[in-house]
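Data block below; observations after.
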Amino acid sequence: MAVRWNCDRCKVSVGRLDGEGSALPGTWTLVDGVTYCLTCSRARAADAVLDALPETTSREDRFRFRRNALIAFELDRTPAAPDRVIAGACRTSPKTVAVVRDELNLPLHTAESTTPHPV
Ligand SMILES: [Zn+2]
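Right, dumping it as structure tokens:
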């Protein structure tokens, strides 16, 4: 519990207007005692992928890796969200989300299909 949560990266802060303590917002992440807002959590996930790419990676590939990292981040954060919602958050197409979801072997978990398929 804290009165205000501050993002360590962009310095945005959230808290209740009445000054009461509140839990970390569900969209924020807490890593090693450092808090990040959703926007920065996304950016960090994408940047981590870019940092791991060799210098020779083309701009097109960098764009693709960054986009896929964002999609993977959102899929991990909200696995039950439909492709079009993930696509909206990542500013891409639902089709692209479906491809990444497939590559990551993360089938869409909806409320209606909670029973895992036999392998
Ligand atoms: Zn932030």
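Residue numbers (this note's numbering): 20 to 138. We put the CB at the ideal spot given by N, CA and C, even for glycine. Since we're looking at a predicted model, the values are computed, not measured.
In the structure shown, the three-state DSSP call for Asn-124 is coil. For Val-50, the uninterrupted beta strand (DSSP E) run begins and ends at 48-50, by DSSP. With a cutoff of 8 Å on beta-carbon distance, Ser-41 and Gly-34 are scored as near each other.
Taken through DSSP and simplified to helix, strand or coil, Gly-107 comes out as helix. At the C-beta level, Leu-94 and Leu-125 come within 8 Å of one another. The alpha-carbon of Asn-25 is positioned some 35 Å away from that of Asp-121. For Thr-58, the Cβ falls inside the 7 Å cut-off from some heavy atom of ligand 1.
By the Cβ-count criterion, Val-119 is buried, with 16 or more other Cβ atoms from all chains shown falling within 10 Å of its own Cβ. With fewer than 16 neighbouring CB atoms inside 10 Å of its own CB, Val-50 falls in the exposed class.
Three or more beta-carbon pairs separated by less than 8 Å are not found between the segment 100-107 and the segment 64-76, which leaves the two stretches without contact. The criterion of a C-beta distance shorter than 8 Å is not satisfied by Arg-61 and Leu-36. When C-alpha distances from Lys-114 are compared across Thr-48, Asn-87, Phe-92, the shortest belongs to Asn-87.
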